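A.B. asks: Here you go, one structure.
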Amino acid sequence: MIVVMRPSATQDEVEGVKRSIEEHGLEAFLSVGEERTVIGVVGDVERISHLGTLPGVDQVIRVSSPYKLASMQEPGERTRVRIGPVEIGLGSELVIMAGPCAVESREQLLETARCVGREGARILRGGAWKPRTSPYSFQGLGVPALKLLAEARDVTGLPVISEVTDPGDVEIFDQHVDVLQVGARNMQNFALLKAVGQSRRPVLLKRGLSATIEEWLLAAEYILAAGNPNVILCERGIRTFETATRNTLDLSAVPVLRGRTHLPIIVDPSHGTGHRSLVGPMALAGAAVGADGLLIEVHPDPANARSDGDQSLAFEEFGALMDELRRLQFVRAAGERASAPLERPVVASGVDDLRERIDDTDARLADLIQERAALALEVQRRRDPHVHGHDVRRERDLLERAANGTPGPMTPVELTMVFDAVLRASRSVQRRHAQSVVAAEDTAVGNDR
Ligand code: PEP
Ligand code: MN
């Protein structure tokens, strides 16, 4: 900290400031200039916030950041937060968190969970307690919703996030969810920040409706200082004079934060815009500006949602957005995620739930196999129909990779059997296409004769 004295400051006033600094156990270094005296302070400056009020003081300038734990120590420093099998931050792929604003029923949640999981979301969201502006609006299902979220995690393997609004609820959240969300309205609920700071779960801290970036980072500091190092920041729009959108999504916060903190940063285009049609464009913009993840509201029937229906995407809309994120390579293609189900823990849940999860996996497998066949077909289309499109060397490599095994209960021999079948079926697709082209050529030649 640097204390700049007024040009008119007397020797006594300079001595008074120096004494006050030293009385608080800090060191003061005087630099006497021609016009004014400047005092450098070394030590814990939080204890001397009163210096600006002392006689003769013109300005007090902070040099080090007030958020010591949240601040970046080295340029480019980044923290990675682990949420079950998912990692967010340093070098991670864009992590999509999606689900309904509020958990409304078992069917609504499970249906949405399966949809977002199939489309490539890595975390399921759902509000159990909803901080609503009006006391007459739907307030959330409370504890039963937490239990449904835990069930949805068991069924889909997706970790779950939900908003905690009361410090007394942190313990029950710890038991049921993987990430605790602190909502915009509670960003400066210091009792809540301290309570989630004592949780063993990662915390997603939303930016307050009218919070500056510094206030937001100081709120994060509360959680870090209470002992929880796993904080993720979420830009969700701020209040401005603009009424065309629900909030003004401050995407510049992402690169600003990148220069100030090592914590992961995600963007919530749903609350940031308030309108379904704006969610996709701003999600892409959030990805483009370098966010580590996106938080997106998705509902099976947005028109009848009990909260935030206007900004919730229907399943097809969410699927289209995920396609676009994949096309632009912000998230990996489905094929590259093929090993993801193996990372998912097989949790102890009922047989029905396990079977539902198998059905879900089968549906994804079918999609992947079709995708592979479509690619093989495209290769055949670009080749001479008299030559087969498959490349024997690549096929052999693939079978060799299978024979070397991928972690999981299947032996290399069993895995080879699966790939062998996939390859044969793929070749059959290529052969059928080649034959139809050759037959068409023959017909054309016959007609010419
Ligand atoms: C929410 O995520 O549903 C929510 C209430 O968000 P925010 O705190 O950003 O308004
Ligand atoms: Mn919402």
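Position 439 of the sequence shown, counted from 1, bears residue number 448 in the numbering used here, the numbering being contiguous throughout. Ideal Cβ positions, reconstructed from N, Cα and C, are used throughout, including at glycine. In this text the structure is predicted, and so the values were computed from the model without any measurement.
(1) Expressed to the nearest angstrom, what Euclidean distance is found between the alpha-carbon atoms of E387 and E409?
(2) What is the rounded straight-line gap between the Cα of A229 and the Cα of Q320?
(3) Answer with buried or exposed for F327, where buried requires no fewer than 16 other C-beta atoms within 10 angstroms of its C-beta.
(4) Excluding five sequence neighbours on each side, which residues of the same chain lie with their C-beta closer than 6 Å to the C-beta of D362?
(5) Taking the C-alpha atoms as reference points, what is the distance between H185 and G149?
(6) With burial defined as no fewer than 16 other Cβ atoms inside 10 Å of the residue's Cβ, what is the status of V360: buried or exposed?
(7) Taking just the CA atoms, how far does A412 sit from T425?
(8) Less than 7 Å between C-beta atoms, sequence neighbours within five positions excluded: which residues of the same chain meet that for I232?
(9) Helix, strand or coil for K139? Go by DSSP, reduced to three states.
(10) Could you work out which residue in A443, R91, R366 and A453 is closest to M122 when comparing CA atoms only?
(11) Quick one: which unbroken beta strand (DSSP E) runs of 3-plus residues sit fully inside the region 279-321? Chain order, please.
(12) Roughly how many angstroms lie between the CA atoms of L337 and L304, to the nearest whole one?
(13) Grouping DSSP H, G and I as helix and E and B as strand, with all else coil, what is E352?
(14) Can you find the residues in the same chain that come closer than 8 Å, C-beta to C-beta, to H284, ignoring five residues on each side of it along the sequence?
(15) Regarding E172 and the ligand PEP, is the C-beta to nearest heavy atom distance less than 7 Å?
(16) What are the uninterrupted segments assigned as beta strand (DSSP E) that are 3 or more residues long and contained completely in the region 58-105, given in chain order?
(17) Suppose the cutoff is 7 Å on Cβ atoms and the five residues either side in sequence are ignored; what does the same chain contact list for S80 look like?
(18) Looking at the strands, I want to know which residues DSSP matches up with G46.
(19) Rounded to whole angstroms, how far is the Cβ of G135 from the Cβ of V112, which I believe are closer than 8 Å?
(20) Got a list of residues with beta-carbon closer than 5 Å to any non-hydrogen atom of the ligand MN, in chain order?
(21) Rank E128, R209, A300 and V298 by C-alpha distance to the C-alpha of T370 and give the top, closest one.
(22) By alpha-carbon positions, which one of T282, V422, F428 and H395 ends up nearest to E404?
(23) Measuring only the C-alpha atoms, how far is L468 from A154?
(24) Along the beta strand (DSSP E) that carries S14, what are the first and last residues, could you check?
(25) Note down the Cα distance separating G25 from E43, rounded to an integer number of angstroms.
(26) Work out the CA separation of A430 and G246 for me, nearest whole Å.
(27) Following the continuous alpha helix (DSSP H) through S208, name the residue where it begins and the one where it ends.
(28) Alpha carbon to alpha carbon, what distance is there between I222 and G521?
(29) Pull up the CB-CB distance for L133 and G151, whole angstroms please, since I reckon it's below 8 Å.
(30) Does the Cβ of H59 have 16 or more other Cβ atoms within 10 Å, making it buried, or fewer, making it exposed?
(31) For a quick check, are the C-beta atoms of T46 and A18 less than 8 Å apart?
(32) Select from R56, M14, L272 and L39 the residue whose C-alpha is nearest the C-alpha of L78.
(33) Please find out if some non-hydrogen atom of the ligand PEP comes closer than 7 Å to the beta-carbon of D187.
(34) Buried or exposed for Q20, please, with buried defined as at least 16 other CB atoms from any protein chain shown within 10 angstroms of its CB.
(35) At the level of alpha carbons, what is the spacing between T257 and L407?
C.D. replies: Put simply:
(1) For this step, residue 387 is matched to residue 378 along the sequence shown. For this step, residue 409 is matched to residue 400 along the sequence shown. So the two alpha carbons sit approximately 24 Å from each other.
(2) Taking the first residue of the sequence shown as position 1, residue 229 is located at position 220. Taking the first residue of the sequence shown as position 1, residue 320 is located at position 311. If you draw a straight line from the Cα of A229 to the Cα of Q320, it comes to about 27 Å.
(3) Reading the sequence shown from its first residue, position 318 is the one you call residue 327. By the neighbour-count rule (16 or more Cβ atoms within 10 Å), F327 is buried.
(4) Taking the sequence shown and counting its residues from 1, the one referred to as residue 362 is at position 353. Closer than 6 Å at the Cβ level, and outside the excluded window around D362, lie D163 and V164.
(5) Taking the first residue of the sequence shown as position 1, residue 185 is located at position 176. Taking the first residue of the sequence shown as position 1, residue 149 is located at position 140. Straight-line Cα distance between these residues: approximately 16 Å.
(6) Position 351 of the sequence shown, counting from 1, holds the residue named residue 360. Taking all protein chains in view, the Cβ of V360 is surrounded by fewer than 16 other Cβ atoms within 10 Å, so the residue is classified as exposed.
(7) Within the sequence shown, residue 425 is the residue found at index 416, counting from 1. Within the sequence shown, residue 412 is the residue found at index 403, counting from 1. Each residue's CA atom was taken as its position, placing T425 and A412 some 6 Å apart.
(8) Within the sequence shown, residue 232 is the residue found at index 223, counting from 1. Same-chain partners within the cutoff: L202, V205, G206, V212, L214 and V240.
(9) Position 130 of the sequence shown holds residue 139. Residue state for K139 is assigned as coil, using DSSP reduced to three classes.
(10) As a working note, residue 122 is residue 113 in the sequence shown. Before going on, a small fix: residue 122 reads as Ala here, not Met. Nearest option by C-alpha distance: R366.
(11) Taken in chain order, the whole beta strand (DSSP E) runs of length 3 or more contained in the region 279-321 are 302-306.
(12) Taking the first residue of the sequence shown as 1, we reach residue 337 at position 328. Taking the first residue of the sequence shown as 1, we reach residue 304 at position 295. Computed Cα separation, rounded: 18 Å.
(13) Counting from 1 along the sequence shown, the entry for residue 352 is found at position 343. Note that E352 scores 43 on pLDDT, short of 50, meaning its location in the model is unreliable and no value can be drawn from it.
(14) Mapped onto the sequence shown, residue 284 falls at position 275. Sequence-distant partners of H284 (beyond 5 residues in either direction) whose C-beta falls short of 8 Å from its own C-beta, in its chain, are T254, R255, D319 and Q320.
(15) The residue given as residue 172 occupies position 163 in the sequence shown. For the ligand PEP, a non-hydrogen atom lies closer than 7 Å to the CB of E172.
(16) Counting only runs of 3 or more, we get 66-70, 89-92 and 95-98.
(17) Your numbering for residue 80 matches position 71 in the sequence shown. Cβ neighbours of S80 within its own chain (closer than 7 Å, five residues either side excluded): S74, R269 and T270.
(18) Stepping through the sequence shown from its first residue, residue 46 is reached at position 37. Reading off the sequence, residue 46 comes out as Thr, not Gly. Per DSSP, V41.
(19) Your numbering for residue 135 matches position 126 in the sequence shown. Your numbering for residue 112 matches position 103 in the sequence shown. With 8 Å as the limit, G135 and V112 qualify as a contact, their Cβ atoms being about 4 Å apart.
(20) Any heavy atom of the ligand MN counts here; residues with a Cβ closer than 5 Å to one of them, in chain order, are C110 and D317.
(21) Translated into the one-based positions of the sequence shown, residue 370 becomes position 361. Comparing Cα-Cα distances from T370 to each of E128, R209, A300 and V298, the minimum goes to E128.
(22) Within the sequence shown, residue 404 is the residue found at index 395, counting from 1. Checked all of T282, V422, F428 and H395; the closest Cα to E404 is F428.
(23) The structure shown does not extend to residue 468, since the chain is modelled only from 10 to 458, so the question has no answer here.
(24) The sequence position of residue 14 within the sequence shown is 5, counting from 1. The question names Ser, but residue 14 in the sequence shown is Met. I11 to M14 is the span of the beta strand (DSSP E), which, as asked, contains M14.
(25) If you number the sequence shown from 1, residue 25 lands on position 16. If you number the sequence shown from 1, residue 43 lands on position 34. Roughly 20 Å between the two C-alpha positions.
(26) Here the question's residue 246 lines up with position 237 in the sequence shown. Here the question's residue 430 lines up with position 421 in the sequence shown. Going from the Cα of G246 to the Cα of A430 covers about 50 Å.
(27) Position 199 of the sequence shown, counting from 1, holds the residue named residue 208. Element bounds for S208: n/a, residue is neither H nor E.
(28) Because residue 521 is not part of the residues shown, which for the chain are 10 to 458, the question remains open.
(29) Counted from its first residue, the sequence shown places residue 133 at position 124. Counted from its first residue, the sequence shown places residue 151 at position 142. In this structure, L133 and G151 do not form a Cβ contact; the two beta carbons are roughly 18 Å apart against a cut-off of 8 Å.
(30) Position 50 of the sequence shown, counted from the first residue, corresponds to residue 59. By the neighbour-count criterion, in which a residue is buried when 16 or more other Cβ atoms sit within 10 angstroms of its Cβ, H59 is exposed.
(31) Here residue 46 refers to the residue found at position 37 of the sequence shown. Here residue 18 refers to the residue found at position 9 of the sequence shown. Yes, the Cβ-Cβ distance between T46 and A18 is below 8 Å.
(32) For this step, residue 78 is matched to residue 69 along the sequence shown. Looking only at R56, M14, L272 and L39, the smallest Cα-Cα distance to L78 is reached by L272.
(33) Position 178 of the sequence shown, counted from the first residue, corresponds to residue 187. The closest heavy atom of the ligand PEP lies 7 Å or more from the beta carbon of D187.
(34) Along the sequence shown, one-based indexing puts residue 20 at 11. When all chains shown are included, Q20 counts as exposed.
(35) Looking up residue 257 in the sequence shown gives position 248. Looking up residue 407 in the sequence shown gives position 398. Near 49 Å, if we compare the C-alpha coordinates of L407 and T257.
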